[in-house]
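In my numbering, the protein residues as written are 217 to 522. Read the structure below first, then the notes.
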């Protein structure tokens, strides 16, 4: 009997939530050190390719762990490691590039974070990272990319912090993507806020979240971001040792429960818009690309800090 990996992910999240509830209730002493663990899974529904035969569905999971040291309220440094997998299930009649383009994609990440205050109201954040994105049997040496997120922002008032930023990410074949960032935390009305948030396993750069605080523990959020993921392919399939790319604009509604200050659980559902798959050969020449229909998306995340 075939078992859906998302079912296992959601079950694991629920089990962790229950088993760690006792830990969350224990009194915690203030410490400059903070450990964070996140786990999440998502399912993208079956969707048809527009410009060729076939369609696909995707199951994703990602886990990360981070350690931060803060020597003041505005200054800290940290390190984070993460790993995940995206399982693409293409229809048998798919002809992207002449066949089924790829299967299981691995995602590994290492990043460092520095947050520093300057002046009376200014702060800055710097996040360099290295990523490994590849099909299961592809070469790791040809699957690395590097990135840097940086932003400076100022506390304008008790309800508004805002500032500019920049993202710089290398691609797998000797090119670089540069894009602007808006860093914002704006409580523009009672219970309403607009903020920048990366989200679990975001591909590149932050998105924007409109948040409504239902109760002290429950909140609703509407998040949008541009996703652009590329990965090295193995030596089989229609583009041996080539590159696959999945681009989309997911728009999701989430419900978040903060059971304790250091324990949170959320569920989300939404739609992926503007989706496009691209297949490149090993010389970075396009083999074929195809848009795909809007796809339903749902999943859950879990987070604990101590």
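From the three backbone atoms N, C-alpha and C, an ideal C-beta is built for every residue, glycine too.
Item	Value
Closer than 8 Å: is that where the CB of residue 508 sits relative to any heavy atom of the ligand PLP?	Of ligands this structure carries none, so the ligand PLP is not represented either.
Pair every Cβ in the region 268-282 with every Cβ in the region 304-312, then say whether three or more of these pairs are closer than 8 Å.	yes
Look up residue 494 in the DSSP assignment and give the residues it is bridged to.	461 and 505
Could you tell me whether the Cβ atoms of residue 363 and residue 332 are closer together than 9 Å?	no
Go ahead and label residue 501 buried or exposed: buried means 16 or more other beta carbons lie within 10 angstroms of its beta carbon, across all protein chains shown.	exposed
May I ask which residues mark the beginning and end of the beta strand (DSSP E) holding residue 396?	392-405
When we look at the beta-carbon of residue 488 and count the other beta-carbons within 10 Å, is it buried (16 or more) or exposed?	buried
Which one or two residues does DSSP pair with residue 513 in a beta bridge?	260 and 486
Run through the region 312-396 for me and flag every whole beta strand (DSSP E) of 3 or more residues, listed as ranges in chain order.	320-334, 338-351, 360-371 and 376-386
Out of curiosity, what's the CA-to-CA distance linking residue 434 and residue 412?	19 Å
Name the DSSP beta bridge partners of residue 444, please?	463
Drop a sphere of 10 angstroms on the beta-carbon of residue 408, count the other beta-carbons inside from all chains shown, and report buried for 16 or more, exposed for fewer.	exposed
At the level of alpha carbons, what is the spacing between residue 491 and residue 287?	43 Å
Taking the beta carbon of residue 262 as the centre, do at least 16 other beta carbons fall within 10 Å, making it buried, or is it exposed?	exposed
Can you give me the Cβ contacts of residue 387 inside the same chain, cut-off strictly under 8 Å, excluding the 5 residues immediately before and after it?	361, 393 and 446
How big is the Cα-Cα spacing for residue 448 and residue 442?	20 Å
Suppose the cutoff is 8 Å on Cβ atoms and the five residues either side in sequence are ignored; what does the same chain contact list for residue 402 look like?	375, 376, 377, 378, 409, 410 and 411
Can you list, in chain order, the residues of its chain with a C-beta nearer than 7 Å to that of residue 354? Leave out the 5 residues immediately preceding and following it.	448, 449 and 450
Buried or exposed: residue 390, going by 16 or more other Cβ atoms within 10 Å of its Cβ?	exposed
Which one of 248, 300 and 327 has the shortest CA to CA distance from residue 289?	248
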